[in-house]
Amino acid sequence: MVAVALSLSSTIIAGSDCPGAHINMTMEAACREATTAGKPLPMYKLCKRMLVQRTPAGSFHEASEYASIAAEEVWLLYSFVMYYMRSALVNSSIPGEANAAYELCIHDYQEADATMDRTRRKLDRVLKGLSECCGLNLSNEYRAALHSVGACRDRLAKLSNSPLLDNNEDIYNRTMVAYMLGKLIGIM
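Position 103 (the sequence shown) corresponds to 104 in my numbering; numbering is contiguous.
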């Protein structure tokens with residue numbers, strides 16, 4: 002009876018509100034599981050590129066660590082894009098429609114930055130074993146970031162020749178990979 006009670010308590014603690022957070026796997030397995038279910042091979046390759054510098058091939062880490070690394074990476078990229086767009090706005094030779102699109106994109110990225118900052122902080126709590134809910138709350142954060150980056154992508158696509166469109170598409174895909182890695186730990 003005591004063994005059953007101890008077993009149940011450790012299951013509840015270990016599982017917390019993020020059922021897959023403490024599953025150990027290789028980077029390759031995490032990327033394969035997160036990205037290959039109906040997704041193209043480029044997403045798998047992008048996932049590996051996002052994780053390889055901090056989690057060497059063949060090493061084992063908890064699924065929550067992969068989700069945390071990916072969220073932090075995209076969060077850092079958002080600041081870079083905002084800096085680049087602000088610098089471009091200083092250039093007076095940018096046409097009016099591009100100028101307006103960049104200003105709106107900066108706003109989009111500020112929203113994405115705020116939501117991904119909250120996401121990475123919550124994932125850090127999961128990584129440290131602290132209580133955190135992974136369900137719809139975190140899912141909504143990822144979706145808000147995707148929506149914001151996607152809104153900027155759509156604005157840039159309307160411009161005749163935006164040098165930021167490919168970069169924005171890459172960041173959108175990286176945000177999607179971060180979301181898919183988050184799903185490994187129980188994010189809806």
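Where a beta carbon is used, it is the ideal one built from N, C-alpha and C, also for glycine.
message: Distance check for H62 and K49, CA to CA, integer angstroms please.
response: For the purposes of this step, residue 49 is taken as the residue at position 48 of the sequence shown. For the purposes of this step, residue 62 is taken as the residue at position 61 of the sequence shown. K49 and H62: Cα-Cα distance of roughly 14 Å.
query: Do N174 and L47 come within 8 Å of each other at the CB atom, strictly closer than that value?
result: The residue you call residue 47 lines up with position 46 of the sequence shown. The residue you call residue 174 lines up with position 173 of the sequence shown. The answer is yes: Cβ separation under 8 Å.
task: Starting from T176, trace the alpha helix (DSSP H) both ways and give me its first and last residue.
output: Your numbering for residue 176 matches position 175 in the sequence shown. For T176, the enclosing alpha helix (DSSP H) starts and ends at L166 to K184.
- request: Give the secondary structure of C134 by DSSP, where H, G and I count as helix, E and B as strand, and everything else as coil.
  value: As a working mapping, residue 134 is identified with position 133 in the sequence shown. The answer is strand: DSSP assigns C134 an E or B state.
field: Rounded separation between V75 and M189 - CA only
entry: As a first step, residue 75 must be located in the sequence shown, where it is residue number 74. As a first step, residue 189 must be located in the sequence shown, where it is residue number 188. Spanning the two alpha carbons is a distance of roughly 19 Å.
message: Which residue wins for smallest C-alpha separation from M26, given the options Y79, T56 and P164?
response: Start at 1 with the first residue of the sequence shown, and residue 26 comes out as number 25. Here the closest residue by C-alpha is T56.
query: Per DSSP, M51 forms a beta bridge with which residues?
result: Within the sequence shown, the letter at position 50 stands for residue 51. Its beta-bridge partners do not exist; DSSP assigns none.
Inter-residue Cα distance where the pair is S149 and G97: Indexing the sequence shown from 1 puts residue 149 at position 148. Indexing the sequence shown from 1 puts residue 97 at position 96. Each residue's alpha carbon lies about 22 Å from the other.
- prompt: Identify the residues that DSSP records as bridge partners of M26: which are they?
  reply: Position 25 of the sequence shown, counted from the first residue, corresponds to residue 26. Answer is H62, bridged to M26.
field: Length of the line joining the Cα atoms of N92 and A30
entry: Working through the sequence shown from its first residue, we reach residue 92 at position 91. Working through the sequence shown from its first residue, we reach residue 30 at position 29. Looking at the two C-alpha atoms, the distance is approximately 45 Å.
- request: Give the DSSP-derived three-state secondary structure of G151 in the structure shown.
  value: Residue numbering aside, residue 151 sits at position 150 when the sequence shown is read from its first letter. In the structure shown, G151 sits in a helix (DSSP, three-state: H, G or I).
task: Assign S8 to one of two classes, buried (16 or more other C-beta atoms within 10 Å of its C-beta) or exposed (fewer than that).
output: One-based indexing of the sequence shown puts residue 8 at position 7. Because S8 sits at a pLDDT of 29, beneath the cut-off of 50, its placement in the model cannot be relied upon, and the following sentence gives the value as read from the coordinates. Residue environment: S8 is assigned as exposed (fewer than 16 neighbouring CB atoms within 10 Å of its CB, all protein chains considered).
field: Host alpha helix (DSSP H) of A113 (start-end)
entry: Taking the sequence shown and counting its residues from 1, one reaches residue 113 at position 112. Unbroken alpha helix (DSSP H) run through A113: G97 to L128.
message: Contact defined as beta carbons within less than 8 Å: I believe E117 pairs with A146. What is the distance between those atoms, to the nearest angstrom?
response: Indexing the sequence shown from 1 puts residue 117 at position 116. Indexing the sequence shown from 1 puts residue 146 at position 145. Here residue 117 turns out to be Met, not Glu, going by the sequence shown. Indeed, because the Cβ distance is near 5 Å, the residues count as touching under 8 Å.
field: For N141, the three-state DSSP class (helix, strand or coil)
entry: Within the sequence shown, numbered from 1, the residue matching residue 141 stands at position 140. If DSSP states are grouped into helix, strand and coil, N141 belongs with the helices.
query: Candidates T176, G21, I186 and S161: which alpha carbon is nearest Y110's?
result: One-based indexing of the sequence shown puts residue 110 at position 109. Taking only the C-alpha atoms, the option nearest Y110 is T176.
- request: Compute the distance between the beta-carbons of A68 and L124, then report whether it is under 8 Å.
  value: Along the sequence shown, read from residue 1 onward, the residue named residue 68 stands at position 67. Along the sequence shown, read from residue 1 onward, the residue named residue 124 stands at position 123. Cβ distance < 8 Å, so A68 and L124 count as in contact.
- prompt: Relative to the alpha-carbon of N141, which residue among A113, D167 and N168 has its alpha-carbon at the smallest distance?
  reply: In the sequence shown, the residue the question calls residue 141 occupies position 140. Comparing Cα positions, the closest option is A113.
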